[in-house]
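J.: From first to last, the protein sequence lines stand for chains H and Z.
Sequential numbering of the first sequence, starting at 1, is according to this note's numbering.
Sequential numbering of the second sequence, starting at 1001, is according to this note's numbering.
We treat Cβ as the ideally placed atom computed from N, Cα and C, and that holds for glycine.
Can you read through this structure? Questions will come right after.
There are 2 protein chains.
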Amino acid sequence: MEKKNVTIKDVARKAGVSVPTASRALAGYGYVKRETREKVLKSAKNLGYQLNFVAKSLRTRKTQTIGYLLPDITNPFYAGIARGIQDVSFTRGYNAIICNNDNDILKTQQLFKMFIRNRVEGVIYSVPFNEALSEIVEIVKNNGIPVVNCYGSTRAPASDVVTGNVSEGCYKATMYLLELGHRDIAFLKVRGSGINARRLEGCKKAFEEFGLHVHPNLVIEADDFTQHSGYLNTKIMFAQSKRPSALFAFNERLAMGVLKAAKELGIVIPNDMSLIGVDDIMAELLEPPLTSVAIPTYEAGRTAASLLFNRVEKGNNELPVRHMLVEELLKIRASTGKADQE
Amino acid sequence: MEKKNVTIKDVARKAGVSVPTASRALAGYGYVKRETREKVLKSAKNLGYQLNFVAKSLRTRKTQTIGYLLPDITNPFYAGIARGIQDVSFTRGYNAIICNNDNDILKTQQLFKMFIRNRVEGVIYSVPFNEALSEIVEIVKNNGIPVVNCYGSTRAPASDVVTGNVSEGCYKATMYLLELGHRDIAFLKVRGSGINARRLEGCKKAFEEFGLHVHPNLVIEADDFTQHSGYLNTKIMFAQSKRPSALFAFNERLAMGVLKAAKELGIVIPNDMSLIGVDDIMAELLEPPLTSVAIPTYEAGRTAASLLFNRVEKGNNELPVRHMLVEELLKIRASTGKADQE
DNA sequence: AAGTAATATGATAACGATATCATAAATAAA
DNA sequence: TTTATTTATGATATCGTTATCATATTACTT
Chain H
1 MEKKNVTIKD VARKAGVSVP TASRALAGYG YVKRETREKV LKSAKNLGYQ LNFVAKSLRT
61 RKTQTIGYLL PDITNPFYAG IARGIQDVSF TRGYNAIICN NDNDILKTQQ LFKMFIRNRV
121 EGVIYSVPFN EALSEIVEIV KNNGIPVVNC YGSTRAPASD VVTGNVSEGC YKATMYLLEL
181 GHRDIAFLKV RGSGINARRL EGCKKAFEEF GLHVHPNLVI EADDFTQHSG YLNTKIMFAQ
241 SKRPSALFAF NERLAMGVLK AAKELGIVIP NDMSLIGVDD IMAELLEPPL TSVAIPTYEA
301 GRTAASLLFN RVEKGNNELP VRHMLVEELL KIRASTGKAD QE
Chain Z
1001 MEKKNVTIKD VARKAGVSVP TASRALAGYG YVKRETREKV LKSAKNLGYQ LNFVAKSLRT
1061 RKTQTIGYLL PDITNPFYAG IARGIQDVSF TRGYNAIICN NDNDILKTQQ LFKMFIRNRV
1121 EGVIYSVPFN EALSEIVEIV KNNGIPVVNC YGSTRAPASD VVTGNVSEGC YKATMYLLEL
1181 GHRDIAFLKV RGSGINARRL EGCKKAFEEF GLHVHPNLVI EADDFTQHSG YLNTKIMFAQ
1241 SKRPSALFAF NERLAMGVLK AAKELGIVIP NDMSLIGVDD IMAELLEPPL TSVAIPTYEA
1301 GRTAASLLFN RVEKGNNELP VRHMLVEELL KIRASTGKAD QE
């Protein structure tokens, strides 16, 4: 009653056929007489046989597995992407090995090598830029494994890339603020973030359409994307200069920090100041519900997986490099309003 | 420049040794002369050799992989557990295959069978009870695979179980409310949830210590654990009966729904009513910051993984069944206050 | 110097499946 | 009937490693 470990050999013997015949019967592939197949299937069922996927993988050189590298699965942004990848994978009969790199390059290297050793058929990653990233991604590709970058560093090489129309999303949001009459709009971005830089581009474009320019003093650079950082920078900004009529934070956590600081300072949103965020994970649940640029993480994950499976099926080098965009939408809620009429 | 696919055979040939010797050198196992090892390692490095883990797994019957089944990775509660499992696994050189069942029993069966086919060395699950769950869990166990239940259905069999001291956590929270002078305390639970039933037990115990009883009318059963459900039930309750002086929702989403309903009804928390939640995922970020019973999901995941690896190492049947508790703590914030003095 | 133990290496088998090929039986075509 | 084709089955090789065992070499003991 301990371990059973039924192999196809047992199934074949019990059914009175050879191993290859049993294999064909179970796989439903090639020529097998109807009654033979039934005998084999019955035998398999009786013995409680479960295919050994490890052996199959070795022989067929297909592991039906892909790897996904992200910074941290407890970050809902990445969890959304992960879920999209998992769903597409599940439908195709694949598994995804999901690993956290905690933005640690040493871990990144370890994990990518692990992916290679495990002979994953493809890799998706969503990690920010790092000097050593390009190198290790190149190694993965040299091992014949297609790589898709999903909202990760655009500076690292990949077969295909999925990102949002980040500058357009922010363009729309800024246009919306401008149309509400706001002119003194502050932007809270994270220093060193390539995506945030592109977000700011979109905002500048909107200003230009109004014949205006973003005031450099109103572009604030946070050290990181934590709530605390948003809180701190807001406090500092409001202590130093005139309060802007609207604030656009390029990240939801930052926006939550702004919200908290504003509350403490007695600034009522949206009456005293409008606020826009990005991400749209908790936005609807905040007080007030936050107007924000929604990132369709689930769709991004699905798209990345689809691109990857295209390459897995067609052979990596058959296809040209593709760059797919998912649409970031402005969701208008209660944290924005018309500018003061003074 | 296409696929390289370097095997240990190539490494051995280039180093001028036999394959088994190369294997020993690379694994750092058994007798290998110092210079031989160096030759092999150099050869491996030059060729860009990466061990084929599939082949190794087949031979050693160790896949260094475990499976984790959860309802949905985008739910931060499960993401926390997943992260704990992943971290312990990573440290041990294992991978976790994480799969969502969406509370669908058909998927559950498919996924558990997939775990068996993939020859995972252990399985952890966090899924609610379902008639067919016991059956499939039993099949997994019969295949010699240890199973650990982490905050899942306690009615399904498993080698080991990890849960929180759920009734104690709620006992503490209720004691706190009682000590603040509250007597009309409403409880919002989810119908059919075994864990929520145990939570209520803890609350009742606290009442008994005060020589009181929970009023049955003040135990409200929600259909599910969504924010909407919390919102709806609050509206209904407040329309029908006298408003309680405190409300205890056994789930954060429910509590957020209560918060929203209260806001709409002009009920100020905590002045007009105290509110306590469970989970403590976003609690700190809500307005007002929510007093709640914190579930240490990350720790629970780590604990579950540790239990599992004990069995993986020691052999499944060597160890007695263990039930580990992680401590749920009451975090006091701004949503609770003294009862009215009327 | 002889015997024993430790070290080092390789030949062979095995893990559990599928791929490839050869051959036999059944069926269709001439 | 003969030949060609389709269907059915099994023998054998193979995927890339490690386990097991046998043997050769070196290093210690006495």
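(1) Residues of chain H with CB closer than 7 Å to the CB of residue 1193 of chain Z, please, in chain order.
(2) Give me the Cβ distance between residue 1124 of chain Z and residue 1255 of chain Z, rounded to the nearest whole Å; I'm assuming they're in contact under 8 Å.
(3) In chain Z, what lies closer than 9 Å to residue 299 of chain H by C-beta?
(4) By Cβ distance below 7 Å, which residues in the same chain neighbour residue 1238 of chain Z in space, the five residues on each side in sequence not counted?
(5) Please tell me whether residue 48 of chain H has its Cβ less than 9 Å away from any Cβ of chain Z.
(6) Would you please verify whether the beta carbon of residue 1287 of chain Z is less than 9 Å from any beta carbon of chain H?
(7) Quick one: residues in its chain with C-beta nearer than 6 Å to the C-beta of residue 205 of chain H, no 5 flanking neighbours on either side, listed in chain order?
(8) Comparing the C-beta of residue 1028 of chain Z with each C-beta of chain H, is any distance below 9 Å?
(9) Could one say the Cβ of residue 87 of chain H lies closer than 9 Å to chain Z's Cβ atoms, at least one of them?
(10) Quick check on residue 32 of chain H: does DSSP put it in helix, strand or coil?
(11) How would you list, in chain order, the residues of chain Z whose beta-carbon sits under 7 Å from the beta-carbon of residue 63 of chain H?
(12) Could you give the uninterrupted runs of the beta strand (DSSP E) lying entirely in the segment 286-327 of chain H, keeping only those of 3 residues or more?
(13) State yes or no: is the C-beta of residue 1193 of chain Z within less than 9 Å of the C-beta of residue 1276 of chain Z?
(14) Taking the straight line between their C-alpha atoms, what separation do you get for residue 224 of chain H and residue 86 of chain H?
(15) Just list the alpha helix (DSSP H) runs in the segment 142-208 of chain H, keeping only unbroken ones of 4 residues or longer that don't cross its boundaries, in chain order.
(16) From the DSSP output, in three-state form, read off residue 3 of chain H for me.
(17) List, from N- to C-terminal side, the beta strand (DSSP E) runs of 3 residues or more that fit wholly inside the segment 1010-1083 of chain Z.
(18) Could you check what DSSP says for residue 1122 of chain Z in three-state terms: helix, strand or coil?
(19) With three or more C-beta pairs closer than 8 Å as the rule, is the segment 129-142 of chain H touching the segment 150-161 of chain H?
(20) Is residue 1100 of chain Z helix, strand or coil by DSSP?
(21) Closer than 8 Å between beta carbons: that is the criterion. Which residues of the segment 1108-1119 of chain Z meet it against chain H?
(22) Residue ranges of each beta strand (DSSP E) run of no fewer than 3 residues wholly in the segment 214-258 of chain H, ordered along the chain?
(23) Do the CB positions of residue 1328 of chain Z and residue 1282 of chain Z come within less than 9 Å of each other?
(24) Residue range of the beta strand (DSSP E) that residue 1331 of chain Z falls in?
(25) Return the residue from the list H/295, H/118, H/278, H/215 that minimises the CA-CA distance to residue 1065 of chain Z.
(26) Only counting the same chain, and skipping five residues up and downstream in sequence, which positions put a Cβ closer than 6 Å to that of residue 1163 of chain Z?
(27) Does DSSP put residue 1116 of chain Z in a helix, in a strand, or in coil?
(28) Any heavy atom of the ligand COA inside 8 Å of the beta-carbon of residue 37 of chain H?
(29) Could you tell me the alpha carbon to alpha carbon distance between residue 235 of chain H and residue 179 of chain H, rounded to whole angstroms?
(30) Count the other CB atoms within 10 Å of the CB of residue 1213 of chain Z; is the residue buried (16 or more) or exposed (fewer)?
(31) Looking only at its own chain, which residues have a Cβ that is under 7 Å from the Cβ of residue 396 of chain H, when we skip the five neighbours before and after it?
(32) Give me the residue from Z/1307, Z/1332, Z/1315, Z/1242 with the minimum Cα distance to residue 1278 of chain Z.
(33) Find the nearest neighbour of residue 220 of chain H within the set H/189, H/231, H/227, judged by alpha-carbon distance.
(34) Rounded to whole angstroms, what's the CA-CA distance from residue 1140 of chain Z to residue 1316 of chain Z? Just pull it up for me.
(35) Using a threshold of 9 Å, state whether the C-beta atoms of residue 301 of chain H and residue 122 of chain H are closer than that.
(36) Using a 10 Å radius around the Cβ and a threshold of 16 neighbouring Cβ atoms, would you call residue 1182 of chain Z buried or exposed?
T.: Judging by the given coordinates:
(1) Here residue 1193 of chain Z is taken as the residue at index 193 of the second sequence, counted from 1. In chain order: nothing, as chain H lies at least about 22 Å away.
(2) In the second sequence, the residue the question calls residue 1124 of chain Z occupies position 124. In the second sequence, the residue the question calls residue 1255 of chain Z occupies position 255. At roughly 28 Å, the Cβ-Cβ gap does not stay under 8 Å, so residue 1124 of chain Z and residue 1255 of chain Z are not in contact.
(3) Position 299 of the first sequence, counted from the first residue, corresponds to residue 299 of chain H. Those do not exist, as residue 299 of chain H stays about 13 Å from chain Z at its closest Cβ, beyond 9 Å.
(4) Stepping through the second sequence from its first residue, residue 1238 of chain Z is reached at position 238. Taken in chain order, the residues that qualify are 1265.
(5) As a first step, residue 48 of chain H is located in the first sequence; it is residue number 48 there, counting from the start. For residue 48 of chain H, the nearest CB of chain Z lies under 9 Å from its own CB, placing it at the interface with that chain.
(6) Residue numbering aside, residue 1287 of chain Z sits at position 287 when the second sequence is read from its first letter. Taking Cβ atoms only, chain H reaches closer than 9 Å to residue 1287 of chain Z, which makes this a yes.
(7) Start at 1 with the first residue of the first sequence, and residue 205 of chain H comes out as number 205. Contacts found: 171.
(8) Position 28 of the second sequence holds residue 1028 of chain Z. No, its Cβ sits nowhere closer than 9 Å to a Cβ of chain H.
(9) Here residue 87 of chain H is taken as the residue at index 87 of the first sequence, counted from 1. Chain Z, which has a Cβ nearer than 9 Å to the Cβ of residue 87 of chain H, makes this yes.
(10) The count along the first sequence starts at 1 and reaches residue 32 of chain H at position 32. Residue 32 of chain H falls in the coil class under three-state DSSP.
(11) In the first sequence, the residue the question calls residue 63 of chain H occupies position 63. Here the neighbours are 1054.
(12) For the segment 286-327 of chain H, whole beta strand (DSSP E) runs of length 3 or above, ordered along the chain, are 291-294, 322-326.
(13) In the second sequence, residue 1193 of chain Z corresponds to position 193, counting from 1. In the second sequence, residue 1276 of chain Z corresponds to position 276, counting from 1. No; because the gap between Cβ atoms is not below 9 Å, this pair is not in contact.
(14) Numbered from its first residue, the first sequence carries residue 224 of chain H at position 224. Numbered from its first residue, the first sequence carries residue 86 of chain H at position 86. Rounded to the nearest angstrom, the two C-alpha atoms are 29 Å apart.
(15) 166-179
(16) Looking up residue 3 of chain H in the first sequence gives position 3. Because the pLDDT at residue 3 of chain H is just 47, under 50, the model does not fix this residue reliably, and the point stays unresolved.
(17) 1065-1070
(18) Taking the second sequence and counting its residues from 1, the one referred to as residue 1122 of chain Z is at position 122. Here residue 1122 of chain Z carries a strand assignment [DSSP, helix/strand/coil].
(19) yes
(20) Taking the second sequence and counting its residues from 1, the one referred to as residue 1100 of chain Z is at position 100. In this structure, DSSP gives residue 1100 of chain Z an extended state, which the three-state scheme calls strand.
(21) 1113, 1114, 1116, 1117, 1118, 1119
(22) 219-222, 246-249
(23) Counting from one through the second sequence, the residue named residue 1328 of chain Z turns up at place 328. Counting from one through the second sequence, the residue named residue 1282 of chain Z turns up at place 282. Between residue 1328 of chain Z and residue 1282 of chain Z, the C-beta gap is not smaller than 9 Å, which leaves the two residues out of contact.
(24) To locate residue 1331 of chain Z, count along the second sequence from 1; it is residue 331. Per DSSP, residue 1331 of chain Z is one residue of the beta strand (DSSP E) stretching across 1329-1331.
(25) Counting from 1 along the second sequence, the entry for residue 1065 of chain Z is found at position 65. Comparing Cα positions, the closest option is H/118.
(26) Taking the second sequence and counting its residues from 1, the one referred to as residue 1163 of chain Z is at position 163. Cβ within range, chain order: 1151.
(27) By 1-based counting over the second sequence, the position of residue 1116 of chain Z is 116. In this structure, residue 1116 of chain Z counts as helix in the three-state DSSP scheme.
(28) The model depicted lacks the ligand COA and carries no ligand whatsoever.
(29) Numbered from 1 along the first sequence, position 235 holds the residue referred to as residue 235 of chain H. Numbered from 1 along the first sequence, position 179 holds the residue referred to as residue 179 of chain H. If I take the Cα positions, the gap works out to 27 Å.
(30) Position 213 of the second sequence holds residue 1213 of chain Z. Residue 1213 of chain Z is exposed by the Cβ-count criterion.
(31) Because chain H is modelled from 1 through 342, residue 396 of chain H falls outside the range shown and cannot be assessed.
(32) Translated into positions along the second sequence, residue 1278 of chain Z becomes position 278. Among Z/1307, Z/1332, Z/1315, Z/1242, the Cα nearest to that of residue 1278 of chain Z is on Z/1332.
(33) By one-based count along the first sequence, residue 220 of chain H stands at place 220. For residue 220 of chain H, the nearest C-alpha among the options comes from H/189.
(34) If you number the second sequence from 1, residue 1140 of chain Z lands on position 140. If you number the second sequence from 1, residue 1316 of chain Z lands on position 316. C-alpha separation (whole angstroms): 12 Å.
(35) The residue labelled residue 301 of chain H in the question sits at position 301 within the first sequence. The residue labelled residue 122 of chain H in the question sits at position 122 within the first sequence. No, they are not a contact pair.
(36) Position 182 of the second sequence, counted from the first residue, corresponds to residue 1182 of chain Z. Its Cβ being crowded by 16 or more others within 10 Å, residue 1182 of chain Z is buried.
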